[in-house]
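**Student:**
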Amino acid sequence: MIFQEVRGKYRERYEISYQDLADAGEKNRIRLLVISPFLFLFGLIDVIVVLILHHNNLQDYLVSLIYFGAFAIISGFVYVYSILAKRVSQDKSYVSKTIPVYVIIYTTFTASVYNFYILEQPFNGVLTYYLTGFLGLISFSFSPFLFLIGLSVAMGVMVPGIYQNFGVTGLMDSILGAILMFLFSVYKRRLEKRQVVMLKKQTKNLVAKTFGNFTLIYEGKVVKYTRTKSEELIGYLIYKNGSSVKTKELISVLWGDHADSTRYGNNLRNLIVDIKHTMSELEIHDFFIAEYNNFRINPELVKCDYYDFLKGNPTAIKNFAGEFMSQYSWAEDVAAFLEQKALGRNE
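Everything in the sequence shown is counted per numbering that gives the first Met the number 0, starting at 0 for the first residue and increasing by one.
(1) Does the separation of the CB atoms of G176 and Y217 fall below 8 Å?
(2) Please classify N114: is it buried, with 16 or more other beta-carbons within 10 angstroms of its beta-carbon, or exposed?
(3) Looking only at DSSP bridge pairs, what is I216 linked to?
(4) On the criterion of 16 or more Cβ atoms from any shown chain inside 10 Å, does Q339 qualify as buried, or is it exposed?
(5) Alpha carbon to alpha carbon, how far is I148 from S184? Give it in angstroms, no decimals.
(6) CB G241 to CB F213, shorter than 8 Å?
(7) Please classify F319: does DSSP put it in a helix, a strand, or coil?
(8) Once the 5 residues before and after V244 are set aside, which same chain residues still bring their CB inside 6 Å of it?
(9) Between Y93 and L145, how many whole angstroms is the CB-CB distance? I'm expecting something under 8 Å.
(10) Just mark I323 as buried or exposed, buried being the case when its beta carbon has 16 or more other beta carbons within 10 Å.
(11) I'd like to know if the region 45 to 63 and the region 120 to 128 are in contact, where contact means that at least 3 CB-CB pairs between them fall below 8 Å.
(12) Report the option in G211, N266, F139 and A69 whose CA atom is closest to the CA atom of N27.
(13) Could you check if Y186 is buried or exposed, using at least 16 other CB atoms within 10 Å of its CB as the buried criterion?
(14) Just confirm the distance between the C-beta atoms of E231 and L205, as a whole number of angstroms; I'd bet it's less than 8 Å.
(15) Would you mind sorting E299 into buried or exposed? The rule is 16 or more other CB atoms within 10 Å of its CB.
(16) With the cut-off set at 8 Å, would you say T277 and I237 are in Cβ contact?
(17) Looking at the structure shown, is F76 part of a helix, part of a strand, or coil, going by DSSP?
(18) Going by DSSP, which residues form a beta bridge with F294?
(19) For K85, which three-state DSSP category applies?
(20) With DSSP as the reference, label K302 as helix, strand or coil.
(21) When you compare the CB positions of I356 and K192, do they come within less than 8 Å of one another, or not?
(22) On the DSSP letters alone, give me the boundaries of the alpha helix (DSSP H) that H53 sits inside.
(23) Excluding the 5 residues preceding and the 5 following L32 in the sequence, name in chain order all residues of the same chain whose CB lies nearer than 6 Å to its CB.
(24) Ordered along the chain, which non-local residues of its own chain (more than five positions away) have a Cβ less than 7 Å from that of E25?
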């Protein structure tokens, strides 16, 4: 009975559906694309250095080669996986895009133990452990309990060594640090839950109409921008349904296939500033997202006839009359695709 009560309170305060975490999954994916190349280079360069400096007696440095080689292989896998995960559907987004986060976190926790015992560097082992925990908390969204597994196993293995090398005080400080990291992960999930609840209220007031001409409406009023291309940029990101789009693709869509990235880069930056300013003025939060040269919208925060159509909503399918964002030339192929899909469902 007590367990069920505690479980119920946890769900109320901290549990978030995977659908609501879809955008957090995309953030995880993009950040892994930034972090994993550095880890890959770290491993690869160190492997090369060991091979060059100690090629005559590699057996003495085998443990170092294994350590750095594993870093290079695993981070390379994470990078490739994160690229391929871009095409994952929204309902599977969070799980699929967060798997490599756990791979990286568990790998670096393992590296802390490897440093501590195999490489016989206790201080580096403890340092790697805490860097893994705090950088993970700062950078990614993940389950507190899956994080706790990594924290507990790594700390549990290192406890005898920490006691031997740093004494009782060092051991108690290390355990306290691990507990604080777990509590911070729970607190962070609580903040994510509050954010989801707040944004769901916002969703009721944000509507994108894509059948016919494209219009974005907030609280019953059409969203207006300073620059005309800003609306088209938002329209294209809505069409992409939460997938990240890079600068080059946006320039090509907005100004043509032969548009020069250098010349139109400033124009695009002006559009980004315009959109951010407009969203801020209207207090529309976390809908338009620009991060690491990747741009997207959060599809969970907008009511959209196009999204309803893709989900097979009968009303949306019936309302589609063959036109999709009619004012934009790039949308013609999308309209044709939707028309074929509508005909297929009506047969």
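We put the beta carbon where it would ideally sit given N, CA and C, even for glycine. Note that the structure is predicted; figures quoted are calculated from it, not measured.
**Tutor:** For this structure:
(1) no
(2) buried
(3) V206 and V221
(4) exposed
(5) 12 Å
(6) no
(7) coil
(8) F294
(9) With 8 Å as the limit, Y93 and L145 do not qualify as a contact, their Cβ atoms being about 13 Å apart.
(10) Residue identity check: residue 323 is Phe in the sequence provided, not Ile. Result: buried.
(11) no
(12) F139
(13) exposed
(14) E231 to L205, Cβ: 18 Å. No contact.
(15) buried
(16) no
(17) helix
(18) V244 and A289
(19) helix
(20) strand
(21) Nothing about residue 356 can be read from this structure; the chain reaches only from 0 to 346.
(22) No alpha helix (DSSP H) holds H53; DSSP gives it neither H nor E.
(23) S81
(24) S92, K96, G241, S243 and R295
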